[in-house]
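Working notes, beginning with the structure itself.
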Amino acid sequence: MTRRKLIAGNWKMNGLRSDLGAFDAIAGTACQFTAIDVAICPPATLIALACMRAPDLVIGAQDCHAEDSGAHTGNLSAQMLGDAGAKLVIVGHSERRTEQGETDADVQAKALAAHRHGLTAIVCVGETEAERDAGNAEARVSAQLDGSVPRTGEARWLVIAYEPVWAIGTGRIPTLEDVAVMHETIRAKLAELLGEEAEGVRILYGGSMNGGNAEELLAIPNVDGGLVGGASLSAEKFVPIIKAAAALA
Ligand code: PGA
Numbered sequence: 055m056t057r058r059k060l061i062a063g064n065w066k067m068n069g070l071r072s073d074l075g076a077f078d079a080i081a082g083t084a085c086q087f088t089a090i091d092v093a094i095c096p097p098a099t100l101i102a103l104a105c106m107r108a109p110d111l112v113i114g115a116q117d118c119h120a121e122d123s124g125a126h127t128g129n130l131s132a133q134m135l136g137d138a139g140a141k142l143v144i145v146g147h148s149e150r151r152t153e154q155g156e157t158d159a160d161v162q163a164k165a166l167a168a169h170r171h172g173l174t175a176i177v178c179v180g181e182t183e184a185e186r187d188a189g190n191a192e193a194r195v196s197a198q199l200d201g202s203v204p205r206t207g208e209a210r211w212l213v214i215a216y217e218p219v220w221a222i223g224t225g226r227i228p229t230l231e232d233v234a235v236m237h238e239t240i241r242a243k244l245a246e247l248l249g250e251e252a253e254g255v256r257i258l259y260g261g262s263m264n265g266g267n268a269e270e271l272l273a274i275p276n277v278d279g280g281l282v283g284g285a286s287l288s289a290e291k292f293v294p295i296i297k298a299a300a301a302l303a
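Here it is as structure tokens:
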């Protein structure tokens, strides 16, 4: 099965209205590459503005609450994010698992909330360096998938991002062979959890992807795109990744 490659930029807690020039530059180029999907997940404060400026680009959020409304001061529901124009939401990013103590069960509930409101969910998983060094990387990621992936039958709305925690923002990436083994492991685990639907689920690689390594990472079987942090903040750094994906499409 051919899966359309997806390059998603995660701006994390970066971006003011005055930074939307960088967004415009990315959007202007991204829209020319119609054989792949490109998304930008700015901070929630910029979602509605970004949607108005680039109606053809997929705009996403970086987290959502599991419930639709209620007494949860400071939180945003998937329904609200969809109302603001988001089409996608990242859930279970390792920074949230660590800083907010989110569990696999929390992540699964958030992914289900995204699905209820018609959003694509990018469910993030990944091992720590200690887990990899101990030879437990595949087991750790399989356990996270067990706990975090909703079993909803049809799964076209679901995307998985494999992000080794130790590769995020560090400039280090796993060997290409390790990425290949992990993505194959994830595909097999998804087949166990979702049956035939697993074939259509895109599995992104994330963690220090940049213009220099994107081509070799994206060429690996079962690497269906990238979740990009630092290198998504400027067109200069993000566009080469988009081009690398488009060249493989
Ligand atoms: P990075 O972040 O590309 O800056 O390593 C990736 C991510 O955290 O999604």
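Going by the numbering used here, the sequence shown opens with residue 55, and the numbers climb by one from there.
Glycine is no exception: its CB is placed at the ideal position from the N, C-alpha and C atoms.
Counting the other Cβ atoms within 10 Å of the Cβ of Ala175 gives 16 or more, which makes it buried. Under the DSSP definition of a beta bridge, Asp91 partners with Leu60. In the structure shown, the three-state DSSP call for Cys118 is coil. According to the DSSP secondary-structure assignment, Arg256 is paired through a beta bridge with Val213. Under the DSSP assignment, Gly261 falls outside any alpha helix (DSSP H); it carries neither an H nor an E label.
If you compare the alpha carbons of Ile274, Ala89, Arg107 with that of Met236, the shortest gap goes to Ile274. Annotated three-state conformation of Leu248 is helix, per DSSP.
DSSP lists no bridge partner for Ala191. Looking at Leu60, Val195, Phe77, the one whose alpha-carbon comes closest to that of Leu287 is Phe77.
It is roughly 31 Å from the alpha-carbon of Gln154 to the alpha-carbon of Ala81.
Neighbourhood of ligand 1, defined by CB distance below 6 Å to any of its heavy atoms: Asn64, Glu217, Ile222, Gly223, Gly260, Gly261, Ser262, Met263, Leu281, Val282, Gly283, Gly284, Ala285, in chain order. Distances from the alpha-carbon of Asp160 to those of Ala140, Glu121, Thr127, Ala184 put Glu121 closest. Taking Glu192 as the centre and dropping the five residues before and after it, the same chain places the C-beta of Thr239 closer than 6 Å to its C-beta, in chain order.
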